[in-house]
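Participant: A single structure is presented below for examination.
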Amino acid sequence: MRPFRHFSLDEANRTLEQAAPLLARLKDLHASAMSLKERLDILWQRLDAGDRVLDEIATRQQGLDTQAREITELLGRLQEIGCVVRDPQTGLIDFPAQAGGTEFYLCWRLGEDAVHYWHGVQEGFAGRKPLSTMPGRLIH
97 MRPFRHFSLD
107 EANRTLEQAA
117 PLLARLKDLH
127 ASAMSLKERL
137 DILWQRLDAG
147 DRVLDEIATR
157 QQGLDTQARE
167 ITELLGRLQE
177 IGCVVRDPQT
187 GLIDFPAQAG
197 GTEFYLCWRL
207 GEDAVHYWHG
217 VQEGFAGRKP
227 LSTMPGRLIH
């Protein structure tokens, strides 16, 4: 894993070329894994009721385990390039940034063409604001 780093706006936007496909795959895998998990929960209930579903449980559990490994790998790769994954379900990531002694996050969500938002370190997605509202000249 790389040491913690801060991104400029240009660096964050350039990193999107690498991060966006990983995040898109992560989002798809997350949705698929959640669906598989729901199905497995139903199968376990049927097993408790006496149904013969062990083969299907084993097959689906193997699929879920494979997806979990890939999700872990993708999260690691995103972290390695410096992204902070906030929500795999919506494809939300942050890029740590610092300027003028102030730490903040550059915020991007899958589907956006570039980084257009920021928020303070304690604010999260609900506090996300357009870059144009950033006080002073923190973004160069």
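For the sequence shown, the residue numbers in this note's numbering are 97 to 236. Glycine included, every Cβ here is placed at the ideal spot set by N, Cα and C. Computed from a predicted structure; not experimentally measured.
Below 8 Å, can you find three or more Cβ-Cβ pairs linking the region 191-207 to the region 156-165?
Facilitator: No: the two stretches stay apart, fewer than three of their Cβ pairs being nearer than 8 Å.
Participant: For G216, which residues does DSSP report across the bridge?
Facilitator: Paired residues: F200.
Participant: Taking the straight line between their C-alpha atoms, what separation do you get for R148 and L136?
Facilitator: Approximately 13 Å, taken between the alpha carbons.
Participant: As an exercise, report each continuous alpha helix (DSSP H) stretch of at least 4 residues that is fully enclosed by the region 130-192, in chain order.
Facilitator: Those alpha helix (DSSP H) runs which fall completely within the region 130-192 and span 4+ residues are 150-176.
Participant: Which same chain residues end up closer than 8 Å to A116 when comparing Cβ atoms and leaving out the 5 residues on each side of it in sequence?
Facilitator: So the qualifying residues of the chain are L206.
Participant: Which whole-angstrom value is the C-beta distance of Q114 and I177, which I expect to be below 8 Å?
Facilitator: That belief holds up - the Cβ atoms of Q114 and I177 are roughly 6 Å apart, short of 8 Å.
Participant: Kindly list the residues whose CB is nearer than 7 Å to the CB of M230, restricted to its own chain and excluding five residues on each side of it in sequence; keep chain order.
Facilitator: Within the same chain, M230 has close Cβ partners W214.
Participant: Measuring alpha carbon to alpha carbon, tell me which of A222, G223, L125 ends up nearest L171.
Facilitator: When only C-alpha atoms are compared, the closest one is L125.
Participant: Measuring CA to CA, which of M130, G216, A210 is closest to E199?
Facilitator: Of the listed residues, the one whose Cα sits closest to E199 is G216.
Participant: Rounded to the nearest angstrom, how far is the Cβ of L150 from that of L143, given a contact under 8 Å?
Facilitator: 7 Å between Cβ atoms; contact.
Participant: Which class does R224 belong to by DSSP, given the choice of helix, strand or coil?
Facilitator: Here R224 sits in coil by DSSP.
Participant: Which residue wins for smallest C-alpha separation from R182, given the options E208, L119, P226?
Facilitator: Closest option to R182, Cα to Cα, is L119.
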